[in-house]
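Here the structure comes first, spelled out in structure tokens, and everything after it is commentary.
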Amino acid sequence: MAGPWQQTMIICSDVEASSSFYCQLFGFESGHGGEEYEQLLLDGEIVMQLHDDKPDDAHSALADLSAPVGNGVLLWFEVEDFGAVVERARALDAPIDRDPHINPNAKQQECWILDPDGYRIVIAGPSEYRPRN
81 MAGPWQQTMI ICSDVEASSS FYCQLFGFES GHGGEEYEQL LLDGEIVMQL HDDKPDDAHS
141 ALADLSAPVG NGVLLWFEVE DFGAVVERAR ALDAPIDRDP HINPNAKQQE CWILDPDGYR
201 IVIAGPSEYR PRN
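In the numbering used here, the protein residues as written are 81 to 213.
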């Protein structure tokens, strides 16, 4: 089945610091690099984009960083190695929003953390709802 494929973009106060955080947490690779814009890759595919809040030739300012970030949005990442990713989050001193637990509705392990800008990230273990090959 063809797309759509998600390539979430978040606005960051420090693109390079956020890139480092996500690469260390999830094992992503930098696909672009730089202070203004970043593409985070997994197995050669873009899985996330990071951008600063400044206008450039292509667009006006993308966000107002004085406003709360991510209101109503959770960045949800299902991972095979739930325990290892939670330990990496702890090693990165990511604030824990909800300790590891089992979500009875999703039927999977979850741990909610905050990234360097305060975006809420859900680290989720494998789900029975996602078909595996």
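Built from N, CA and C at the ideal position, the CB exists for glycine as well.
In this text the structure is predicted, and so the values were computed from the model without any measurement.
Remark: C-beta atoms of V153 and F106 do not approach each other more closely than 8 Å. Take the alpha-carbon of S146 and the one of C103: they are about 26 Å apart. For E115 and E160, the gap between their C-alpha atoms comes out near 31 Å.
In this structure, Y199 places its C-beta atom within 8 Å of the C-beta atom of V149.
Its chain contains W192, I193, L194, R200 as the residues whose beta carbon lies nearer than 7 Å to that of D177, once the 5 sequence neighbours on both sides are disregarded; these appear in chain order. Comparing alpha carbon positions, the residue from D144, Y209, E167, G111 closest to A186 is Y209. When rounded, the separation of the alpha-carbon atoms in E109 and H139 is 26 Å.
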